[in-house]
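What follows is a short report on a single structure.
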Amino acid sequence: MADIIGLVLPFFGMILLGYVVAKITRQPVEALGWLNTFIIYIALPALFFKLVARTPIEQLTRVDFIVANISATYLIFGLVFAVGFWLRRATIGEATIQGLAAAYGNIGYMGPGLALLAFGEPAAVPVALVFCFENMLHFMVAPALMALAGGEKRPAIQIAGGIVHKIVTHPFIIATAAGFVAAFAGFEPPAPLQRLIDYLAQAAAPCALFAMGVTLALRPLKRVPMEIGYIVPAKLLLLPVTMYVVLGLAGNFDPVWVFTAVLLAALPTATNVFVIGQQYGVWQERASATILITTVLSVATVTILLYLIKSGLLAGDPFP
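Letter by letter, the sequence shown follows residues 4 to 323 in my numbering.
Spelled out as structure tokens, the structure:
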């Protein structure tokens, strides 16, 4: 257990440092602008390119893994959406944000760093596949349902064009696609360029985690929404369990791929859920509260999950 604590302590410690520094210095939220720009447009794309470019091309085309991962994620999205819409009488827009809060984990800022720390380089490909394909689907589902709810006023052709534009211009997806091309072509960057990529990739995790802590500090918890009662268990418990079962039923995957997908599923709600809520003026304060609560509780749930994996109590193949 000491090894697991030693693994997660630096990781969550960076989030805590960002939170504490933000509380002490009281910088405005706009002060994060250039750090977020560096993380989103430079550091994390460098990390994704580096990881994918070094991977054999046959591992990058595991459609069965992609379909199983997305199926598990959207089973939970659909369940929470239904609970919010039918039982809580939420609007379609509110139920959409609730579903995303339960299914959209912080796989960009937290996922790569923690998965690579826990499982090493073999976790690189599942991390990249999960990130790219889950984000592409989130980019499609959110505006489509908001259009159905009446929160999206543009014509359907403009909505579709906006979705495509968001997908093809996202820096993480561009970097991952470039990594696919490099892996397929067998391209190896010249040594000076590779050193630059390595240098930038090493900065990705600490900068992203620090920025996440600052963001949490700048969005204080004002009230605890009642929906937390079903969203938090769905995000931190039900989604990773569902991911584990679905991957076990779908095929014979490498244990590292299974554990990586389950770990990513167990991460707290992504800050992008707040951004989407803010964009459409729906459930934004409660989305912010959900992000903070799931992040705090994930310190315990992620630590327990890693203990189960590292101790061998959780099998790599749930259905041998």
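Positions of the beta carbon are idealized from the N, C-alpha and C atoms, including for glycine. Remember, predicted model here, so these are calculated numbers, not experimental data.
Starting from residue i and walking both ways along the alpha helix (DSSP H), at which residues does that stretch end?
i: residue 23; result: 5-28
i: residue 337; result: The structure shown does not extend to residue 337, since the chain spans only 4 to 323, so no value can be given for it.
i: residue 230; result: Careful: residue 230 lies outside any alpha helix (DSSP H) and carries neither H nor E.
i: residue 257; result: Careful: residue 257 lies outside any alpha helix (DSSP H) and carries neither H nor E.
i: residue 283; result: 274-283
i: residue 202; result: 194-220
i: residue 301; result: 287-313
i: residue 52; result: 47-56
i: residue 41; result: 36-41
To which residues of the same chain is residue i closer than 6 Å at the C-beta, ignoring the five residues directly before and after it?
i: residue 99; result: 148
i: residue 268; result: 242, 243, 246
i: residue 1; result: Outside the displayed span of the chain (4 to 323) sits residue 1, for which this structure offers no information.
i: residue 11; result: 306
i: residue 233; result: 86
i: residue 88; result: 98
i: residue 103; result: 276
i: residue 257; result: none
i: residue 281; result: 287
Give every residue of the same chain whose Cβ lies closer than 8 Å to the Cβ of residue i, excluding the five residues on either side of it in the sequence, and list them in chain order.
i: residue 177; result: 48, 171
i: residue 277; result: 222, 287, 290, 291, 294
i: residue 207; result: 42, 46, 47, 49, 50, 115, 116
i: residue 239; result: 269, 271, 297, 300, 301, 304
i: residue 227; result: 292, 296
If you compare alpha carbons, which of the options is closest to residue i?
i: residue 236; options: 321, 139, 101; result: 101
i: residue 79; options: 108, 303, 258; result: 108
i: residue 65; options: 260, 323, 211; result: 260
i: residue 185; options: 7, 56, 318; result: 56
i: residue 6; options: 323, 318, 314; result: 314
i: residue 133; options: 173, 209, 71; result: 71
i: residue 169; options: 104, 151, 179, 139; result: 139
i: residue 26; options: 217, 227, 234; result: 217
i: residue 309; options: 266, 157, 299; result: 266
i: residue 131; options: 151, 175, 60; result: 175
i: residue 190; options: 31, 8, 58; result: 58
i: residue 113; options: 225, 13, 279; result: 13
i: residue 8; options: 44, 141, 120; result: 120
i: residue 69; options: 200, 105, 253; result: 253
i: residue 136; options: 228, 281, 77, 157; result: 77
i: residue 187; options: 318, 61, 323, 159; result: 61
i: residue 173; options: 257, 111, 124; result: 111
i: residue 279; options: 141, 198, 200; result: 141
i: residue 323; options: 316, 281, 273, 251; result: 251
i: residue 152; options: 103, 202, 94, 224; result: 94
i: residue 81; options: 144, 200, 40; result: 144
i: residue 91; options: 197, 201, 231, 225; result: 231
Pull up the CB-CB distance for residue i and residue j, whole angstroms please, since I reckon it's below 8 Å.
i: residue 255; j: residue 320; result: 7 Å
i: residue 54; j: residue 183; result: Incorrect: roughly 11 Å between the Cβ atoms, too far for contact.
i: residue 21; j: residue 215; result: 6 Å
i: residue 19; j: residue 210; result: Not quite, the Cβ-Cβ distance comes to about 15 Å (not below 8 Å), so this is no contact.
i: residue 213; j: residue 17; result: 5 Å
i: residue 105; j: residue 128; result: Their Cβ separation, rounded to whole angstroms, is 26 Å, which puts residue 105 and residue 128 out of contact at 8 Å.
What residues in its chain sit with their C-beta under 7 Å from that of residue i, if we drop five residues either side in the sequence?
i: residue 312; result: 262
i: residue 74; result: 249
i: residue 122; result: 259, 262, 263
i: residue 285; result: 96, 97, 100, 154
i: residue 181; result: 52
i: residue 146; result: 155, 162, 165, 166
i: residue 118; result: 126, 130, 263, 266, 267
i: residue 32; result: 221
Using a Cβ-Cβ cut-off of 7 Å, state whether residue i counts as contacting chain E.
i: residue 76; result: In summary, chain E is missing from the structure at hand, where a single protein chain is found.
For this session: Please list the segments of the alpha helix (DSSP H) lying wholly inside the region 112-163, counting only runs of 4 or more residues, in order along the chain.
Result: 114-122, 127-152
Problem set entry | Those runs of the alpha helix (DSSP H) which lie wholly inside the region 64-98 and span at least 4 residues | 66-85
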